[in-house]
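Student: Top to bottom, those sequences are chains A and B. Taking this note's numbering, I'd label the letters of the first sequence as residues 727 to 1023. Taking this note's numbering, I'd label the letters of the second sequence as residues 72 to 354. Here it is: the structure, laid out below.
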Amino acid sequence: MTARANRLRWLVSGESAFPWLAPLIAMLVVFTIYPLVYNVWLSFHEYAPFKRRVEPVGLDNWSALLSDDRFWDSISVTFTYFSAMLIVQVVLGMAIALLLDSEQRGFGLLRALLTLTLVIPPAITGMMFLLIEDPEFGVLTWILERVGILDGTNPILATGSTALLGVMLADVWQWTPFMVLIFMAGLRSLPSEPYEAAMLDGATSWQTFRRITLPLMGKVIAVAVLIRGIDLFRIFDYMFVMTSGGPGTSTYTLSLYAWQQTFSFIKWGYGATISLVSLILILIIANLFILVSKVRW
Amino acid sequence: MMRMLVAYMVVALFMFPLYYWGTTAFKNAKEIFNTPPNVWTFSPTVRNFEEVFGISLGFFRQQEVLPGGGNFYMAPRLWDTIVVALGSTVLSIIVATLAAYGLSRMNFRGRHAFVGWVLSTRMMPPVAVAIPMFFIYKNVGLMDSYLGIILIHAVMNLPLAVLLLKSFFDDIPKDIDECALIDGATRWTIFRRIVLPMAKGGVAATAVLCFIFSWTEFIFVLTLTQTGLKTVPVVSSSFVTSTGTAWGNMAALGVAATAPAFLFILLVQKQLVRGLTLGSLKE
């Protein structure tokens, strides 16, 4: 036995993981590190339309951020969207997961149906809700006018105060099921003993949820929040097809603002700078969250 | 019983937009633009599908002019989407199975940090990659090419594929590899002949998710194509024209493009949660 163990140790000792990882490393370096370096370079340059070339501008792009109201608006829209959507989707997702967490017949079908929203291209989801929220013939508009919430003068997506809500609706619809599925899997893997003990002690269902389910679900919730949070912070598709950031800056997220600066306003360097801000913020937030929540891969 | 009823109502609420979009694909213009909206009553037509895919389905022919009226022939765009999704999935899976095997089976200094790096590439906002890639692709001539989009979609899916496959490989006992090693098998043989076949369910589930994420991706295709290929999500905004939006045609394309994805997602229900959490939660 020791001979075999020794032989194994000898076989494994000279091994290198590098050949296995080389293609991955090559692709990630070419498609993430190199663009990142290029982006940093770009952020110190700007396209000069009259000279038709890119010129170094030093720190101009970075200092311009400070006095750019639209940039600060987009920071605020991004954080509003990010936090509102996380809270709504976690709470709603948990409620629906608890509702659907049953061994009864028929619940499996409901769970399977909910997964369908996840595979629709977000751009097409945006279009779906553009139709549903259309000011003239949208079905949601019609319902809201019937019950007196809307009066026909304020189109949902063209009114500053409701446009972001209109976009959020698409997000809630598409991604709450994501939370539901993950939470349901978490609920099913919980041990049954604490619940039996709680029942003997006569705990109410709220107490059971608050004192047993929530703490035991900690890791599951943390993973779901991390993954959803990353996607929420870089949200782009819905705004691009539904509102293009408007009206005003009410639905301008960082990603959308960066993209538009580069490609619509031909300010290549400035767009790159904004996208870097977005990158830095998400890396800080996500890594802090990983550190605090101790989520591990 | 009460709970069942509420559960059905909640799910029905989530299914309503799908129903509404799905039926829009079978409505004519007059029904789409009707107020109050025709939710339950309409006379089904396949004209939208005929127009979008340039085929004749022969029945329910109706001849209203759609707003935006022009030519929304989209069959080539569906083809583009399929090529890109298949190509990027194959590439992702090849690179990721190799890397996942290395990460799962071999010990090396900094392995944890390496996994962290792979994960951090998943955090990059697509726009922060798309902007520089636009200029890089312009310089190297990958703009508007299948290869260019396939490469970027493959990279986009790599963190998911690597972490997920690693979690599937971790489920296979290391003893199996070690016994085979002692008996003289090479790592490559073990990978090909033992580990890959044992993890084939996991590989299939990973491939399905990569396919779906490429299928639904928006910003890279939007940025890195101009006149050549375009995938379905990106082309959907072209149905909005100055004279109106061709909702029926757009919905028809949407229905045709999401139906296969529905099938795929139903096939991987068992591994779905593990996939959505990049392998960190197992059911």
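C-beta: ideal position from N, C-alpha, C; glycine also.
Where does Y773/A sit, in a helix, a strand or coil, going by DSSP?
Tutor: DSSP places Y773/A in strand when its eight states are reduced to three.
Student: Check the Cβ-Cβ distances between T348/B and every residue of chain A, and say whether any is below 7 Å.
Tutor: yes
Student: Is the shortest distance between the beta-carbon of I846/A and the beta-carbons of chain B less than 7 Å?
Tutor: Output row for I846/A: interface = yes.
Student: Could you tell me the alpha carbon to alpha carbon distance between I243/B and R733/A, rounded to whole angstroms?
Tutor: 22 Å
Student: If we cut at 7 Å on Cβ distances, does L352/B have a partner in chain A?
Tutor: yes
Student: If you draw a straight line from the alpha carbon of A1012/A to that of F97/B, how long is it in whole angstroms?
Tutor: Each residue's Cα considered, the two are about 44 Å apart.
Student: At what residue ranges does the stretch 728-807 of chain A contain a whole run of the alpha helix (DSSP H), taking only runs of 4 or more?
Tutor: 728-739, 744-754, 760-769 and 786-792
Student: I need the DSSP call for V311/B, collapsed to helix, strand or coil.
Tutor: strand
Student: Let me know the secondary structure DSSP gives Q133/B once reduced to three states.
Tutor: Note on Q133/B: pLDDT 47, under 50, position unreliable in the model; no value is reported.
Student: Secondary structure at T94/B, three-state DSSP: helix, strand or coil?
Tutor: Correct three-state label for T94/B: helix.
Student: Output, in chain order, the set of chain B residues within a Cβ distance shorter than 7 Å of S789/A.
Tutor: The premise fails here: S789/A is roughly 20 Å from chain B at the closest Cβ pair, so nothing lies under 7 Å.
Student: Taking 7 Å as the threshold (beta carbon to beta carbon), is W150/B in contact with chain A?
Tutor: no
Student: Which partner residues of T316/B appear in the DSSP bridge assignment?
Tutor: V311/B
Student: Starting from the Cα of I165/B, find the closest Cα among L190/B, F120/B and L222/B and give me that residue.
Tutor: L222/B
Student: Is there a Cβ of chain B sitting closer than 7 Å to that of L890/A, yes or no?
Tutor: It does not; no Cβ of chain B falls within 7 Å.
Student: Can you tell me whether V123/B is buried or exposed, with buried defined as 16 or more other CB within 10 angstroms of its CB?
Tutor: buried
Student: In chain A, which residues lie with their C-beta within 7 Å of the C-beta of Y217/B?
Tutor: Under the 7 Å cutoff, chain A gives no residues; its nearest Cβ is about 16 Å from Y217/B.
Student: For L870/A, which residues of its own chain have a beta-carbon under 6 Å away from its beta-carbon, when the five flanking residues on both sides are left out?
Tutor: L876
Student: Looking at chain B, which residues of the stretch 796-809 of chain A have a Cβ within less than 7 Å of any of its Cβ atoms?
Tutor: none
Student: Might you give, ordered along the chain, the residues of its own chain that have their beta carbon closer than 6 Å to the beta carbon of V803/A, omitting 5 neighbours on each side?
Tutor: Y978 and T979
Student: Which of helix, strand or coil does DSSP assign to G140/B?
Tutor: Note that G140/B scores a pLDDT of 42, beneath 50, so its modelled location is shaky; the value from the coordinates is reported in the next line. Coil at G140/B, not helix or strand.
Student: With 16 as the cutoff for other CB atoms within 10 Å, does Y983/A come out buried or exposed?
Tutor: When all chains shown are included, Y983/A counts as buried.
Student: Can you give me the Cβ contacts of G141/B inside the same chain, cut-off strictly under 6 Å, excluding the 5 residues immediately before and after it?
Tutor: Confidence at G141/B is low in this model, with a pLDDT of 48, below 50, so its placement is unreliable and the value that follows should be read with caution. The beta carbon of G141/B lies closer than 6 Å to none in the same chain, with the five residues before and after it left out.
Student: Can you check whether the CB of W868/A is closer than 7 Å to the CB of P107/B?
Tutor: yes
Student: Taking 8 Å as the threshold, find out whether the stretch 903-916 of chain A comes into contact with the stretch 812-831 of chain A through three or more Cβ pairs.
Tutor: The answer is yes - the stretch 812-831 of chain A touches the stretch 903-916 of chain A, with three or more Cβ pairs under 8 Å.
Student: For chain A, find out if any of its Cβ atoms is closer than 7 Å to the Cβ of I336/B; answer yes or no.
Tutor: yes
Student: Are the stretch 919-931 of chain A and the stretch 887-898 of chain A touching by the rule of at least three beta carbon pairs closer than 8 Å?
Tutor: no
Student: Can the beta-carbon of W746/A be found less than 7 Å from the beta-carbon of V186/B?
Tutor: Contact: no.
Student: Quick one: list the residues of chain B neighbouring I956/A, beta-carbon separation under 8 Å, in chain order.
Tutor: R193 and M194
Student: Any chance the CB of T851/A is under 6 Å from a heavy atom of the ligand HEM?
Tutor: Ligands in the displayed structure: none, and consequently the ligand HEM is not present.
Student: Verify the CB distance criterion: does T979/A have a CB-CB separation below 7 Å to chain B?
Tutor: no
Student: Between L825/A and chain B, is the shortest Cβ-Cβ distance under 7 Å, so that the two count as touching?
Tutor: yes
Student: Going along chain A in order, which residues have a C-beta closer than 8 Å to the C-beta of T95/B?
Tutor: L857
Student: Just mark L835/A as buried or exposed, buried being the case when its beta carbon has 16 or more other beta carbons within 10 Å.
Tutor: exposed
Student: Using a Cβ-Cβ cut-off of 6 Å (strictly less than) and excluding sequence neighbours within five positions of F959/A, which residues of its own chain qualify?
Tutor: F808 and I1008
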